[in-house]
Structures are given as C-alpha cells and as structure tokens.
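Asks: Shown below is the structure under consideration.
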Amino acid sequence: MKNRNLTIKTLMYFSVFIAVNLLALWAIQIQFLQVFYERNVIEKIDSVAYEIKNNQNNLETLLQEYAYSNDMCIEYYHDTVEIDFNLKKNNCVLRDYSYEIAKYKAELINNKKDYMILYAPKTNIKSILYAINLDNNNYVFLNTTLEDMNSATALLKKQLIYLILILIVAACIMAIFVSRRLNRPILKIISTAREMGKGNFNVKFEKSNVEELDELCDVLTVAASEMNKTEELKRDLLANVSHDLKTPLTMIKAYAEKVKDITYKDPEKREKDLNIIIDETDRLNALVNDLLDLSKMQAGECELNISEYDIVKNIKEIIKRYDIVVEKEGYIFELDMPNSAKVKSDKAKIEQVIYNLINNAIEHTGDNLTIKIAVKKQIDGVLISITDSGKGLTEEEKRLVWNRYYKKEKRHKRNMIGSGIGLSIVKGILESHKCEYGIDSKLGEYTTFYFKLKK
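What follows is the structure in structure tokens.
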C-alpha cells in the first residue's frame, strides 16, 4: 500500500467520518421521516385514547377539548345518539357517511382493532381512524390527518446538499490544521532522530504538549542518553583492551629480543626471560578468551554442562592460583566456609565466575589487602560471597558495574591477568544458570558480590 503523508491521511479519515454521518442523517431525515412522523401521530392519538378511557366523567366536555386542542375530529356514539366534535375540520373522514367509511368503522369495532391508516374516499388524503370501545356498546371514533412529508423531505434534501458542501470545506480546513499541528512536532522528532542516527547522541527531543508525542520524546531522550553512555563506555573498553594487548605484546617482543641478543648463552637469565614471555602470552590468551566468552553469551551460545560437585573444594583449589600475589604483595584471603557444600552447576563456568570476582576484589580492595570469601548453606541453595575492603560503590555504580563497557578505575596490576570485562561475563554466566545474584556495598568500607547456586 502506498504511503501517504499525515495531511492526506487526516483528510481521508475526516472524509470517511463525515460521509458516515451524512449517510445516517440522510437515512433518518429523508428515508424514514414519514415513518417517524406517522409513529409520532399514532403515539399522540394513543395518548388521547388512554385519557378518554380513564376519564369518562363529563366525557362530552372532555371530547370537545381534545378535538380542538389536538386538531382532530371526534364522533361519540352514546345510547344510539351520535355527537360530533370538530367534524368541520378539513379532510375529516368522519363526516363522510359513505358505505366505505361505515365499513371501516364496523371493522374496527368487530375486529377489536384500535386504529387503521386509510385514504379518504374523495380526496385520497392519508389519515388515521381510531376506535375506542366504551362500556354498554358506546363508541368513540377519533380521526386525524397524516400530512404528506414530501415537501418537507424536498426541503431537507436541499439543506443536506448545502450541509455536505459546508462539511467538506470544514473537513479540509480541519484536516490541514490538525495535520500541521501534529506534523510540526513529528518532523522535529524525525530531524532529531536523524542526528542521533548519525552518531550525535547529545541531542534532546523537544516536547509539544501532545501526551503521546511527549512520551515518545521522553523515551527517545532516555535512549539517546543511554546510547551516549554506551558509546563512552565502549571507547573506554577499546582503550583498556588496547592497553592490555599492547603492554604484553611490547614485553614479549622486548624479552624475545633480549633472549636472542643477550641472555641466550646464560641458562638462568634465559629461563627467567622465557618465563616472562610465557606469562605475558597467558595474559593475552586470557584476554582473547574473555572476549570470546562475552561474544558467545551475547549471541546466546553459552551451553551449560551441569554436574554435581563440592563448591568448597573447588574454591580452595582456585585460591591456590593466587599464591603468587599472597607471597609477593601480601594479599590476605579470609575464608568462612563449611567443610563441604555440594552444588549443581556448570563447574567450569562457575570457576570462571569465582575467578573473575576474586580478580575484581584484588583490583579494588583497600590498603589492608584483605579479601573475604564465604560459603553459606541455605534452605534453597548455597550462597557464595566475595568481599573486598575497598571504597565501595554508589547506587549508580552498582547498576553500571555489570555493563560490558564499564570500568570504574583505569588502573592495571601487572600480577593480575584480566581484561576489565570480567563482571559482564559473570553476569552472563549467572543469568544462564538462572541464579540469584547481586551486590551489597557500603561507601568507604566494603563491596560484596554474591550469588546463590542450587544444592
């Protein structure tokens, strides 16, 4: 279907609305006008008949009043006496004493019908003949003329033609006004959105006092703000990763050249230099693996190999890898764990979670260089927590710290192997396990990362 602009669409909607209303007006005023008129006259004469039946005291006076006030002619048959009221009214069929009218009267009485619509024998004018059967074979006949509505219908047709022309012009004016009123803020939103599409996320969408458009502006403004933050964090990540790649590569090249030119004849120095090359290669390998893991989790390709194992034993094995930072830099690991705690999870993935959280704690712990690791058995699972004694996190930092581009501090510790995206990997792994996880922190005192595994 061909796209149309807002003005044309608005005009189409107004036109359809007006057309439907005019068709309804045409049906009511033209096609059914006579029907409505006749129904109204019948209801009126029904009302008069009801009053006559229920008020028979001073009936003659009442009939005379009804005859002239309701513009009808009345015949009253009382004890074989005929009393007429307003029979000189134009087109009154009751003053026609022909056989045909007498037959109609008898038919109404004998068939116990209230009324019939008939045409006067001579004038052929449409009217209503109504019969009221009183007690003791007394009767009252009411007659009123039904006007021909053709002349009124013709007049209404002319009025509707003028009304149609006026409404068409009004629809065009309203369509142009409404569409322009709505178009202006929409075009501003489109223009601003195009700027955002070009990479300018420092934009603000102007409001227009239209509730739906203002809500759209709020959503787009928030989206632009978030995209701007993401872009900044992405640049930070690239800078961090570039640094983490460049530094070990520089050291690998430097120590390789040193072995080649200087220490190749000295076994002890050569062994030391080659070990540094191996360590830096491990650092690069860890960075590449972290990036690959993050990419797989973003693509939904993180497969789990669930098994049952002792998480306490597993954590103690992981801590042994940090003997070098304990011996050389004085880090302290305080453990609060039972002798054993069985869990069901992907062992390799949870190892990666614990490893990344310990790295993060070492990176941010305070001057006392203490990291606390606790394992608590609970009714619905096993709670693992890792706590540092660092500066703590604000509420906004708690929310952003899981972001794959976020890094609180741009500092690098040479004895640590990490890429700065470890917490994003932690989040992905824990969510794939459907684990409960979170952060508890107090500014200036500590930060605790925790998660709960199924027993």
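Per our numbering: the sequence shown = residues 58 to 512.
For glycine and all other residues, C-beta sits at the position ideal for the given N, C-alpha and C.
As the structure is a prediction and not an experimental result, all values here were calculated from the model.
1. Tell me, which residues are paired with Y431 by DSSP?
2. R468: buried (16+ other C-beta within 10 angstroms of its C-beta) or exposed?
3. Residue ranges of each alpha helix (DSSP H) run of no fewer than 4 residues wholly in the segment 471-511, ordered along the chain?
4. Taking a contact to mean a Cβ-Cβ separation below 8 Å, would you say F258 touches L277 in this structure?
5. Let me check understanding here. Comparing Cα to Cα, which of I389, C492 and L186 lies closest to V439?
6. Ends of the alpha helix (DSSP H) at N97?
7. For L151 and F198, which I take to be in contact (beta-carbon distance under 8 Å), what is that distance rounded to the nearest angstrom?
8. What do you get for P242, buried or exposed, if any count of 16 or more other CB atoms within 10 angstroms of its CB means buried?
9. Looking only at its own chain, which residues have a Cβ that is under 6 Å from the Cβ of M308, when we skip the five neighbours before and after it?
10. Considering only DSSP beta bridges, list what D367 is partnered with.
11. When DSSP labels each residue in this structure, what does T202 get in the three-state scheme?
12. What does a CB cutoff of less than 8 Å around N472 pick up in its chain, not counting 5 residues either side in sequence?
13. Does the pairing of the segment 404-423 with the segment 485-505 give three or more beta-carbon distances under 8 Å?
14. Report back the beta-carbon spacing between N148 and A177 to the nearest angstrom; my notes put them in contact at under 8 Å.
15. Taking N195 as the reference, which of Q113, K66, L175 and K434 has the closest Cα?
16. Can you list, in chain order, the residues of its chain whose CB lies under 7 Å from that of A281, leaving out five sequence neighbours each side?
17. Considering only residues of the same chain and omitting the five flanking positions on each side of V105, which have a CB-CB separation below 7 Å?
18. Output the distance between the C-alpha atoms of K511 and D437, rounded to the nearest integer angstrom.
19. May I ask you to verify whether the segment 149-169 touches the segment 211-227, counting CB pairs closer than 8 Å and requiring at least 3?
20. Going straight from the alpha carbon of N97 to that of S72, what length do you get?
21. Report the rounded CA-to-CA distance for T118 versus Y134, giving the unit in angstroms.
22. Taking 8 Å as the cut-off, does the segment 447-458 touch the segment 421-431 (at least 3 CB pairs, one atom from each stretch)?
23. Given a cut-off of 8 Å, decide if F508 and D441 are closer than it, judged by their beta-carbon atoms.
24. For Q91 and S236, what's the separation of their Cα atoms in angstroms?
25. Please say whether I419 and I428 have beta carbons closer to each other than 8 Å?
26. How many whole angstroms separate the CB atoms of L175 and Y161, which I take to be in contact at a CB cut-off of 8 Å?
27. Rounded to the nearest angstrom, what separates N396 and T444 at their Cα positions?
28. Per DSSP, which residues does A188 bridge with? Please list them.
29. So what's Y70 in DSSP terms, helix, strand or just coil?
30. Where does F13 fall in DSSP's three states?
31. Is the Cβ-Cβ distance between I102 and L120 less than 8 Å?
32. For Y172, name the three-state secondary structure that DSSP assigns.
33. Nearest by alpha-carbon distance to V400: which of P324, I246 and V369 is it?
34. Excluding the 5 residues preceding and the 5 following K434 in the sequence, name in chain order all residues of the same chain whose CB lies nearer than 7 Å to its CB.
Replies: The answer reads as follows:
1. A small correction: the amino acid at residue 431 is Ala; Tyr does not occupy that position in the sequence shown. In the DSSP output, where bridge partners are listed per residue, A431 has D393 and S442.
2. Low per-residue confidence applies at R468: pLDDT is 46, beneath 50, and the placement is therefore not dependable enough to give any value.
3. 479-489
4. Inclusion of F258 and L277 in the CB contact set at 8 Å is not warranted, their separation being larger than that value.
5. C492
6. L90 to N111
7. 6 Å
8. buried
9. For M308, where only same-chain residues beyond five positions count, the Cβ hits under 6 Å are E337.
10. K399.
11. strand
12. Low per-residue confidence applies at N472: pLDDT is 43, beneath 50, and the placement is therefore not dependable, though the value from the model is reported in the following sentence. Excluding positions up to five away in sequence, the list reads I381, V382, K385 and E386.
13. yes
14. 6 Å
15. Q113
16. M253, F258 and V260
17. Y123, N127 and L199
18. 7 Å
19. no
20. 34 Å
21. 14 Å
22. Three or more beta-carbon pairs separated by less than 8 Å link the segment 421-431 to the segment 447-458, which places the two stretches in contact.
23. First, the residue type needs correcting, since residue 441 is Ile and not Asp in the sequence shown. For the 8 Å CB-CB criterion, I441 and F508 form a contact.
24. 41 Å
25. yes
26. Yes, L175 and Y161 are in contact; Cβ-Cβ is about 6 Å, under 8 Å.
27. 20 Å
28. F198
29. helix
30. This structure cannot speak to residue 13, because the chain is shown only from 58 to 512.
31. Going by C-beta atoms, I102 is not nearer than 8 Å to L120.
32. strand
33. V369
34. P395 and A398
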